[in-house]
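Q: Numbers in the numbering used here are just positions in the sequence shown, counted from 1, shifted up by 141. Take this structure first; my questions come after.
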Amino acid sequence: MLIQNIKNNFSENIELLHQLTNDEYTQQNPELSNATIGEHMRHIIELFGCLIENYENGIINYDKRKRDILIQTNKNNAISILEKYLDELNKPNKSLSLVHNCYSTFELLPTNYFRELIYNLEHSIHHQALIKVALRNLPHIKVADAFGIAPSTLEYRKQCVQ
């Protein structure tokens, strides 16, 4: 179920990217401190990439991830990478080590693949919420009502209307 939820999240992001022009993708948004949708999408993609690409060696360091300007400036590049990762997500759970950097103090913390997938999914949803703010300036772009809303919030809202 976890892998399918992430695939659904990737599909939402891909669907959004197909609707945007490259100019819209790279347009600065005052509501986001002049960040672009592309910058937020790059951040989502790079954190997932850091996990997927370091799965074999077992050490995840999100601070040392690749930062590829092409992902944030070319929506087709972002789509290609998301599609590639769709095929690479399905791996067995295993123990990993997470490098934690806090005020120049590094420590290695135990974690596992599924826990990091959950973290990345929640992180993606958080950035989708920010992207959704930028989409208010682009009313022709359509995303699902649940885009950028945490599953726990959706469940809570269902309980409130019953």
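Backbone N, C-alpha and C define an ideal beta-carbon position, used for all residues, glycine too.
What number of angstroms, rounded off, separates the C-alpha of Leu161 from the C-alpha of Asn198?
A: Indexing the sequence shown from 1 puts residue 161 at position 20. Indexing the sequence shown from 1 puts residue 198 at position 57. Leu161 and Asn198: Cα-Cα distance of roughly 36 Å.
Q: Could you tell me if Phe189 is buried or exposed, where buried requires 16 or more neighbouring beta carbons within 10 angstroms of its beta carbon?
A: What you label residue 189 is simply residue 48 of the sequence shown in a count that begins at 1. The residue in question, Phe189, is buried, as its Cβ has 16 or more Cβ neighbours within 10 Å.
Q: For Leu258, collect the residues of the same chain with a Cβ closer than 8 Å to its Cβ; drop the 5 residues on either side in sequence, then sort them by chain order.
A: Numbered from 1 along the sequence shown, position 117 holds the residue referred to as residue 258. Answer for Leu258: Leu143, Ile144, Ile147, Leu192 and Leu230, listed in chain order.
Q: Quick check: the Cα distance between Ser174 and Asn253, rounded to an integer number of angstroms?
A: Here the question's residue 174 lines up with position 33 in the sequence shown. Here the question's residue 253 lines up with position 112 in the sequence shown. Cα-Cα distance, rounded: 34 Å.
Q: Any idea if Gln213 is buried or exposed, counting beta-carbon neighbours within 10 angstroms, 16 or more meaning buried?
A: As a first step, residue 213 must be located in the sequence shown, where it is residue number 72. By the 10 Å Cβ count, Gln213 comes out buried.
Q: In the DSSP output, what is Glu248 paired with across the bridge?
A: Within the sequence shown, numbered from 1, the residue matching residue 248 stands at position 107. Answer is His241, bridged to Glu248.
Q: Please classify Phe151: is it buried, with 16 or more other beta-carbons within 10 angstroms of its beta-carbon, or exposed?
A: Reading the sequence shown from its first residue, position 10 is the one you call residue 151. Classification of Phe151: buried, given that the 10 Å Cβ count is 16 or more.
Q: Does the Cβ-Cβ distance between Ile178 and Glu165 come in under 9 Å?
A: Walking along the sequence shown from the start, residue 178 turns up at place 37. Walking along the sequence shown from the start, residue 165 turns up at place 24. Against a cut-off of 9 Å, the Cβ pair of Glu165 and Ile178 comes out as a contact.
Q: Assign Glu224 to buried or exposed, taking buried as 16 or more other Cβ atoms, counted over all protein chains shown, within 10 Å of its Cβ.
A: Counted from its first residue, the sequence shown places residue 224 at position 83. Its Cβ having fewer than 16 others within 10 Å, Glu224 is exposed.
Q: My assumption, with CB atoms under 8 Å, is that Asn163 sits in contact with Asn215. Please give the rounded CB distance.
A: Here the question's residue 163 lines up with position 22 in the sequence shown. Here the question's residue 215 lines up with position 74 in the sequence shown. At roughly 7 Å, the Cβ-Cβ gap stays under 8 Å, so Asn163 and Asn215 are in contact.
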